[in-house]
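Going by the working numbering, the residue at position 306 of the sequence shown is 306; the numbering climbs one at a time, nothing skipped.
In what follows, a single structure is set out as structure tokens and then discussed.
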Amino acid sequence: MNTIFKTGYLLGVLAVLLTVAGSCKKDKPAQNGPQEKKLALDRSEAIMEQGTTTTIKPIFDDGEVTIPAGKYSWTSDDPAIASVYMNKDFTVTVTGRKIGSTKVRLSAKYGGGLEQVCTIVVEPPPSILINFGDGAAGAEWNSVKDNMRIDGFIPDLHTQTGRNTGIALKVEKRFNLRGASGATNTDTELKMPDEVSFDGYYGNAKAEFSGVVATESVIRFSGMDKTKKYRYCFYASRMGVGDNRETQYTITGSNQAVARLNASGNVNNIVCAGGVQPDAGGDILLTITAGENNNNAFGFYYINAMRIMEDK
Numbered sequence: 001m002n003t004i005f006k007t008g009y010l011l012g013v014l015a016v017l018l019t020v021a022g023s024c025k026k027d028k029p030a031q032n033g034p035q036e037k038k039l040a041l042d043r044s045e046a047i048m049e050q051g052t053t054t055t056i057k058p059i060f061d062d063g064e065v066t067i068p069a070g071k072y073s074w075t076s077d078d079p080a081i082a083s084v085y086m087n088k089d090f091t092v093t094v095t096g097r098k099i100g101s102t103k104v105r106l107s108a109k110y111g112g113g114l115e116q117v118c119t120i121v122v123e124p125p126p127s128i129l130i131n132f133g134d135g136a137a138g139a140e141w142n143s144v145k146d147n148m149r150i151d152g153f154i155p156d157l158h159t160q161t162g163r164n165t166g167i168a169l170k171v172e173k174r175f176n177l178r179g180a181s182g183a184t185n186t187d188t189e190l191k192m193p194d195e196v197s198f199d200g201y202y203g204n205a206k207a208e209f210s211g212v213v214a215t216e217s218v219i220r221f222s223g224m225d226k227t228k229k230y231r232y233c234f235y236a237s238r239m240g241v242g243d244n245r246e247t248q249y250t251i252t253g254s255n256q257a258v259a260r261l262n263a264s265g266n267v268n269n270i271v272c273a274g275g276v277q278p279d280a281g282g283d284i285l286l287t288i289t290a291g292e293n294n295n296n297a298f299g300f301y302y303i304n305a306m307r308i309m310e311d312k
């Protein structure tokens, strides 16, 4: 009996141990999604315009964008340049706040220290570039051709990247003539080809020239965003002269700004005036005339090229 009892006892203990072992296997914590060993991003650099957003996606071992097993966080080295917002699918929405460059990081919050970095470059919003003359300016430029100097109209100006803006240009008060005596090989922010810088329009504020007195020329820009401010930059050049042919550019919307530039012998100078908001109708007027320092007998004033961009 003792032998039988001991054998039965041992068999019972063994059965209990097997049951416990089996239950341990069943009770192993469930995997919470894929247990990735590697982490990547769908790109290493993002170039974006100021005020726009872009989305960056994490990529795991299987090449698919999946919900990770661990907890992750997105951070920006400089939120003033690019801010981040993590979405439910662990992608991140990046907003370009300020012109500049910074890095956005996806980091694991648990052991292993997984991290990936994407460089963010925030560029200025695309400019509207306008060529005054007949030169072959290139696709990034809007051209006010010679036959438009009296009452020209462009219904939808495009940015230098080809995006339509809905902003219209209308010559409301004429220029006198087109001239082709501007500089070439210029070096300015406008990055003008010679076909833009060498020709332009001019008026004569003080005396008749070629049967016309053009005391001022006026261009209306309509369809502008009334909630935004704009910055206007101008280039004018008349080579081969030594007098002062200062040109005054007055930008008028709900407020006003003025810039002045002497076109005589000018190669690399531009002038800018900003902070101007459109009026209640969404319009801004540009008035061009001779500046107070202009000592030319005819009061010649000029415009060869200009740029419009959003201002702070």
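Ideal placement from N, C-alpha and C gives every residue a C-beta, glycine not left out.
Simplified DSSP assignment, three categories, for ASN262: As a position in the sequence shown, residue 262 is number 262, starting the count at 1. In the structure shown, ASN262 sits in a strand (DSSP, three-state: E or B).
Looking at the unbroken alpha helix (DSSP H) that takes in ASP194, where does it start and where does it end? In the sequence shown, residue 194 corresponds to position 194, counting from 1. Under the DSSP assignment, ASP194 falls in the alpha helix (DSSP H) whose first and last residues are 194-197.
Closest to ALA305 by C-alpha separation, out of ALA280, GLY211, GLY182, would be which residue? As a first step, residue 305 must be located in the sequence shown, where it is residue number 305. Of the listed residues, the one whose Cα sits closest to ALA305 is GLY182.
Does the beta-carbon of PHE198 have 16 or more other beta-carbons within 10 angstroms, so that it is buried, or is it exposed? Reading the sequence shown from its first residue, position 198 is the one you call residue 198. Per the 10 Å Cβ criterion, buried.
Which value, in whole angstroms, describes the spacing of the CA atoms of TYR235 and ASP78? What you label residue 235 is simply residue 235 of the sequence shown in a count that begins at 1. What you label residue 78 is simply residue 78 of the sequence shown in a count that begins at 1. Cα to Cα, TYR235 sits roughly 35 Å from ASP78.
Within 8 Å, do at least three Cβ pairs link the segment 188-195 to the segment 244-261? no
Between VAL92 and ALA82, is the Cβ-Cβ spacing less than 7 Å? Locating residue 92 in the sequence shown gives position 92, counting from the first residue. Locating residue 82 in the sequence shown gives position 82, counting from the first residue. No.
Please report the Cβ distance between LYS229 and VAL276, rounded to the nearest whole angstrom; I am assuming they are in contact, meaning their Cβ atoms lie under 8 Å. The residue you call residue 229 lines up with position 229 of the sequence shown. The residue you call residue 276 lines up with position 276 of the sequence shown. Contact holds; Cβ gap of about 6 Å.
Leaving out five residues on either side along the sequence, give the residues of the same chain with a beta carbon under 6 Å from the beta carbon of VAL171. Residue mapping note: residue 171 aligns to position 171 of the sequence shown, counting from 1. Result list for VAL171: ASP151, GLY152, ILE219, in chain order.
Is the segment 285-295 in contact with the segment 135-144, if contact means three or more CB pairs nearer than 8 Å? no
Segment contact, 8 Å Cβ cut-off, at least three pairs: the segment 96-107 with the segment 157-176: no
Length at least 3, wholly inside the segment 72-102: the beta strand (DSSP E) runs in chain order: 72-76, 82-86, 92-96
Give the single residue among GLY291, THR188, LYS71 whose Cα lies nearest to the Cα of VAL267. Residue 267 sits at position 267 when you count from the first residue of the sequence shown. Among GLY291, THR188, LYS71, the Cα nearest to that of VAL267 is on THR188.
ALA313 and GLY223 closer than 7 Å at C-beta: No information on residue 313 is available, as it lies outside the stretch 1 to 312 that the chain covers here.
For the structure I just gave you, are there three or more beta carbon pairs, one from the segment 116-134 and one from the segment 290-298, closer than 8 Å? no
Within the same chain, show all residues whose beta-carbon is closer than 6 Å to that of ASN293, passing over the 5 residues directly before and after it, in chain order. Start at 1 with the first residue of the sequence shown, and residue 293 comes out as number 293. For ASN293, where only same-chain residues beyond five positions count, the Cβ hits under 6 Å are ASN244, GLU246.
DSSP three-state call for MET1: helix, strand or coil? If you number the sequence shown from 1, residue 1 lands on position 1. Residue placement at MET1 is flagged as unreliable, the pLDDT there being 49, under the threshold of 50; a coordinate-derived value is accordingly withheld.
Would you mind reading off the limits of the beta strand (DSSP E) that contains ARG220? Walking along the sequence shown from the start, residue 220 turns up at place 220. Residues 217-222.
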